[in-house]
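In what follows, a single structure is set out as structure tokens and then discussed.
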Amino acid sequence: MALFQIKRRNILPGFGLSMGYTVFYLSAIVIVPVSMIFFNTFPMGWEPFVNAVTAPRVIASYKLSFSTAFFAALFDAFAGLLTAWVLVRYRFPGKQFLDALVDLPFALPTAVAGICFATLYSPIGWLGQLLAPLNLHIINTPTGIIIALIFIGFPFVVRTIQPVLEEMEQEIEEAAHCLGATRWQTFTKILLPHLFPALLTGVTLAFARGIGEYGSVIFIAGNLPMKTEIAPLMIMSKLDQFDYAGASAVALVLLLISFTMLLLLNAVQEWQQKEYRS
Amino acid sequence: MGIELQNINKQFGEYKAIDNLSLNIASGELIALLGPSGCGKTTLLRIIAGLELADSGKILLENKDTTNLPPRKKNVGFVFQHYALFRRLTVFENVAFGLKVLPFRERPSRSEIRDRVAHLLKLVQMDWALTRYPSQLSGGQRQRVALARALAVNPRVLLLDEPFSALDAKVRQELRRWLRKLHDEIHVTSIFVTHDQEEALELADKIVVINKGRIEQQGTPQEVYDHPANAFVYNFLGNVNVFHGRIHNGKVSLGAHQLDAPDDLKNVEEKPSQTFVRPHEIGISRIRSNDKDLEGTIREVRLQGGQIGLNIECQGLDNPIEAEVPRELFVNLQLAKGVQVFVTINRVRVFTGDYEI
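Set out below in structure tokens:
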């Protein structure tokens, strides 16, 4: 009954067909492949499953993956906001070039990025040389992982904020100035709340991407057990040892945590939007 | 003086937006800046608010030199054409914004802010909408909230940039009258920009007609409408018929016809002239009343509320004449498309010089 009502109220034609296609598409491309993880894990039984996912090395890799992805996304929030701001608000020579540069992490094979970082930050690399005397080590540390993830997640934040910033009228800021607000007050009280949903989306995407990132990280992380092994690497190494069930188990937990987090963030966003929209 | 502008200049690249403009506005007046789009009126308003910097000149608000102050220190209320409300804040928070951003020492207490906002929203008849968001309000309601927001900081002057132009005709008229009433209550020196002559005539204490960054004329609506200083002002204030011709020995040519020139131009020997006739200053009859009447045929009839607009093709004139007659006359004379009529021109204004439209 409820379904029929949606159908009748909808002016746009083709609801049945497009909804059917969407469900089919999501099933074929997302749900069925992902469900394989469940089906591969079930035969293993409860105890071996718990043992596999609570092994200290695995737990350490989860912690590492989520924390580095989190900090990288947090950094991207600031860097991305600033970059989007500069790209939208100012005119300068080379702007188009800079704008195109933002998308590069999307296009570059992640392994290439990883090798670039590894070369740059190795003790004899351009930056590594300078940091080594200060006793700052990037390579083979979580810091290195964060740097790689910042690079990977950066375009997500810029590209989600940019359109919102572009469509925001200058008059809003002018109104705030006329009412006596300083630049900082205008930014924190007017601009930031306005950009917040887009920022949250961008950060969520960067964060999700960071959890799943493999290629760029393994070259810079050094993959030291208990220290710099990320969760996707744990899965890969289990696969290398033909431990398919173990790999699925690790993947399943990773999947569940990620999905729960995305769901929560979506809920926050929904709640944010609901309030001020009629 | 409420507002004193001295020799303001502003150039955008090659384009001179404001051309050495000076203007004095008395405290408590409601002024209309009237002009065609692109004449510099909005730029002038933005310069007064500090949103734009003048290339040269001085701006005094309530006798205080504010030329180089940033907008937030000018203490002006600015109302934007498209409201510019903060859409993630409620109506209450929008109006309270100007008070909440004051430095801690000057900031009123929370209860004072609450009272002041409630008072202002009552003034603009929006007190029922405290907790609404701007997206839940109609255009007219949003503009009222924007006005309350601008008034919250007790501005020295209130500046309104085409405040009603985004609203539909009915609401526009309602808000116009309401703004006039509000101004009579609060008496804050106000300038509003408009390209709508009707709005300016109805609302303002004084009208300043601007063209190409310069003031063409200023005065009360009555003065400006009845005694336009030049052809531009005459043309801009209301509909008008224009006849290009020559003035020659006290006679003005109107196509093949001749009219007596007005007194001040009696002595002009020979000059190009433009003759202006307002549509409502034209008389229509079915029989010839005097020998100066023009003979013509009605080509078009338009309903304009209480008036009927006629497009009449006259013998000896290159272009048809636009006339307006009361509905009653239209019915009594049994006028219709194709009917032969005689046209009496009751009042003309003649300008010489090379003004172009």
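Protein chains in written order, with this note's numbering: chain A, -3 to 274; chain B, 65 to 421.
Note that the Cβ used here is the ideal one computed from N, Cα and C, for glycine as well.
From a predicted model like this one, the values you see are computed outputs, not experimental measurements.
DSSP bridge partner residues for residue i (one or two, in chain order)
{"i": "S349 of chain B", "result": "B:F406"}
{"i": "A227 of chain A", "result": "DSSP output for A227 of chain A lists no bridge partner at all."}
{"i": "Y79 of chain B", "result": "B:F76"}
{"i": "I372 of chain B", "result": "B:L367 and B:V389"}
{"i": "D225 of chain B", "result": "B:V257"}
{"i": "N275 of chain B", "result": "B:R278"}
{"i": "D324 of chain B", "result": "B:K315"}
{"i": "C378 of chain B", "result": "B:G360"}
{"i": "V141 of chain B", "result": "For the sequence presented, residue 141 of chain B should be read as Gly rather than Val. In the DSSP output, where bridge partners are listed per residue, G141 of chain B has B:L222."}
{"i": "S23 of chain A", "result": "Answer is none; S23 of chain A lacks a bridge partner."}
{"i": "T339 of chain B", "result": "B:F307 and B:V414"}
{"i": "A96 of chain B", "result": "B:F256 and B:I271"}
{"i": "Q70 of chain B", "result": "B:K122"}
{"i": "E334 of chain B", "result": "B:H312"}
{"i": "N88 of chain B", "result": "B:E68"}
{"i": "K128 of chain B", "result": "B:L125"}
{"i": "G283 of chain B", "result": "B:I271"}
Spatially closest choice to residue i from the options, by CA coordinates
{"i": "D225 of chain B", "options": "B:H251, B:S199, B:V165 and B:Y147", "result": "B:Y147"}
{"i": "A194 of chain A", "options": "A:L261, A:F34 and A:L252", "result": "A:L261"}
{"i": "G370 of chain B", "options": "B:R363, B:V389, B:G302 and B:I385", "result": "B:V389"}
{"i": "W267 of chain A", "options": "A:A109, A:F192, A:N136 and A:G149", "result": "A:F192"}
{"i": "G121 of chain A", "options": "A:I135, A:M232 and A:Q158", "result": "A:I135"}
{"i": "I214 of chain A", "options": "A:L116, A:A263, A:I111 and A:R155", "result": "A:I111"}
{"i": "R208 of chain B", "options": "B:Q75, B:D232, B:R152 and B:V159", "result": "B:V159"}
{"i": "A68 of chain A", "options": "A:H173, A:A144 and A:M164", "result": "A:A144"}
{"i": "V407 of chain B", "options": "B:R391, B:P384 and B:Q70", "result": "B:P384"}
{"i": "C103 of chain B", "options": "B:P172, B:V257 and B:H247", "result": "B:V257"}
{"i": "L97 of chain B", "options": "B:L201, B:F296, B:W192 and B:Q282", "result": "B:Q282"}
{"i": "K80 of chain B", "options": "B:F228, B:D119 and B:L149", "result": "B:D119"}
{"i": "T139 of chain A", "options": "A:F113, A:T184, A:P52 and A:D99", "result": "A:F113"}
{"i": "G319 of chain B", "options": "B:S337, B:K186, B:I250 and B:D327", "result": "B:S337"}
{"i": "V235 of chain B", "options": "B:Q205, B:T130 and B:A212", "result": "B:Q205"}
Interface flag, residue i vs chain A, CB-CB below 7 Å
{"i": "P336 of chain B", "result": "no"}
{"i": "R411 of chain B", "result": "no"}
{"i": "F144 of chain B", "result": "yes"}
{"i": "R240 of chain B", "result": "no"}
{"i": "V165 of chain B", "result": "yes"}
{"i": "G204 of chain B", "result": "no"}
{"i": "V188 of chain B", "result": "no"}
{"i": "F150 of chain B", "result": "yes"}
{"i": "G370 of chain B", "result": "no"}
{"i": "G162 of chain B", "result": "yes"}
{"i": "P292 of chain B", "result": "no"}
{"i": "P227 of chain B", "result": "no"}
{"i": "V217 of chain B", "result": "yes"}
{"i": "I421 of chain B", "result": "Low confidence applies to I421 of chain B: its pLDDT is 42, below 50, so where it sits in the model is not reliable enough to give any reading."}
{"i": "P135 of chain B", "result": "yes"}
Residue-chain proximity (residue i, chain B), Cβ-Cβ < 7 Å
{"i": "E163 of chain A", "result": "no"}
{"i": "E225 of chain A", "result": "no"}
{"i": "R85 of chain A", "result": "no"}
{"i": "S274 of chain A", "result": "A caution first: S274 of chain A carries a pLDDT of 47, below 50, which makes its placement in the model too unreliable to give a value."}
{"i": "E43 of chain A", "result": "no"}
Contact list for residue i against chain C, beta-carbon separation under 7 Å
{"i": "E266 of chain A", "result": "Among the chains of the structure shown, chain C does not appear; the protein chains present are A and B."}
Any non-hydrogen atom of the ligand PLP closer than 6 Å to residue i Cβ
{"i": "V155 of chain B", "result": "Summarising the ligand content, the structure contains no ligands, and the ligand PLP is consequently not present."}
Near-chain A residues of the segment 174 to 185 of chain B - C-beta to any C-beta below 9 Å: none
Residues, ordered as in the chain, of the segment 169 to 187 of chain A that lie near chain B by beta-carbon distance below 8 Å: E170, A171, A172, H173, C174, L175, G176, A177, T178, Q181, K185 and I186
Residues of the segment 187 to 213 of chain A in Cβ contact with chain B at a cutoff of 9 Å, in chain order, please. P189, H190 and F192
Across the segment 223 to 243 of chain A and the segment 159 to 172 of chain A, are there enough close Cβ pairs to call them in contact, namely three or more that are closer than 8 Å? no
With three or more C-beta pairs closer than 8 Å as the rule, is the segment 215 to 228 of chain A touching the segment 22 to 36 of chain A? no
Closer than 7 Å between beta carbons: that is the criterion. Which residues of the segment 100 to 120 of chain B meet it against chain A? A113 and L115
Does the segment 67 to 83 of chain A come within contact of the segment 152 to 163 of chain A, defined as at least 3 CB pairs closer than 8 Å? yes
contact_flag[the segment 295 to 309 of chain B, the segment 331 to 351 of chain B] where n(CB pairs < 8 Å) is 3 or more: yes
Quick check: the segment 270 to 277 of chain B against the segment 74 to 85 of chain B, are at least 3 beta-carbon pairs closer than 8 Å? yes
So, do the segment 345 to 358 of chain B and the segment 291 to 299 of chain B have three or more beta carbon pairs nearer to each other than 8 Å? no
Three or more C-beta pairs closer than 8 Å, one from the segment 196 to 210 of chain A and one from the segment 54 to 69 of chain A: is that the case here? yes
Touching or not, the segment 211 to 226 of chain B and the segment 127 to 147 of chain B, by the rule of three or more beta carbon pairs under 8 Å? yes
Against chain A, which members of the segment 381 to 394 of chain B pass a CB distance test of less than 9 Å? none
I'd like to know if the segment 390 to 401 of chain B and the segment 358 to 370 of chain B are in contact, where contact means that at least 3 CB-CB pairs between them fall below 8 Å. yes
With a threshold of 8 Å, are at least 3 pairs of Cβ atoms found where one atom belongs to the segment 247 to 263 of chain A and the other to the segment 83 to 94 of chain B? no
Are at least three pairs of beta-carbons, each pair with one atom in the segment 175 to 190 of chain A and one in the segment 92 to 102 of chain A, less than 8 Å apart? no
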